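If you're matching positions, the sequence shown starts at 6 in this note's numbering and goes up one per residue.
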Amino acid sequence: MSRRPLTDNEKAGLLAGVAGLLMLGSGVTGASQWRRTFDLILQMIGPNPLLRFTQLVFVVIGSVGGVFVLLGGYAFRENRVRTGKLLILFGTGFTVISLMVFLVLAVQHGEWPFAGGAVLGFVGIVLSVIARFRAKAIPLKP
Numbered sequence: 006m007s008r009r010p011l012t013d014n015e016k017a018g019l020l021a022g023v024a025g026l027l028m029l030g031s032g033v034t035g036a037s038q039w040r041r042t043f044d045l046i047l048q049m050i051g052p053n054p055l056l057r058f059t060q061l062v063f064v065v066i067g068s069v070g071g072v073f074v075l076l077g078g079y080a081f082r083e084n085r086v087r088t089g090k091l092l093i094l095f096g097t098g099f100t101v102i103s104l105m106v107f108l109v110l111a112v113q114h115g116e117w118p119f120a121g122g123a124v125l126g127f128v129g130i131v132l133s134v135i136a137r138f139r140a141k142a143i144p145l146k147p
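So this is what it looks like as structure tokens:
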């Protein structure tokens, strides 16, 4: 009994699934970095309820990046490419930005930022971006 080959979207879904698991397993999320970033901003400009609410939104979205990537992988598998790309954008976008801020701050403090879980999280982010580019929309049939 032979198996049929995987479609491009199934491959992208599998890649995004692995990426999401790596992101979740490594604990690399945007939540802690966004909290620290907003704390610095609040120290500079003072307490602001609107800024605190914005911080909460960023922390919540940043903390579930791996889950968004997993959901994006499932969407790819179901040929919901536009939805999958949007989910992965949310999942990696907040994490990539917070990771860049983290890297800049770590280098400024003389630390080597790629140790342990950070490497797995970075690999997960890279794989999710690759999956996003590999997924192809399937035209609707009349």
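For every residue, glycine included, the Cβ atom is placed at its ideal position computed from N, Cα and C. Quick caveat, the model's predicted, so the values are computed rather than measured.
Taking a C-beta distance under 9 Å as the contact criterion, Phe73 and Thr88 do not qualify as a contact pair. Taken through DSSP and simplified to helix, strand or coil, Lys141 comes out as coil. Ile130 is classed as buried because its beta carbon has at least 16 other beta carbons within 10 Å across all chains shown.
If you look at Arg57, you'll find it in the alpha helix (DSSP H) that goes 54-68. Closest in C-alpha terms to Ser133, from the list Phe43, Lys16, Glu83, comes Lys16.
In this structure, DSSP gives Glu83 a state outside helix and strand, which the three-state scheme calls coil. Cβ neighbours of Gly18 within its own chain (closer than 7 Å, five residues either side excluded): Gly78, Tyr79, Phe81, Arg82.
Straight across, the Cα-Cα distance linking Phe95 with Gly70 is about 7 Å. Within the model, the alpha-carbon separation for Phe63 versus Arg8 is close to 43 Å.
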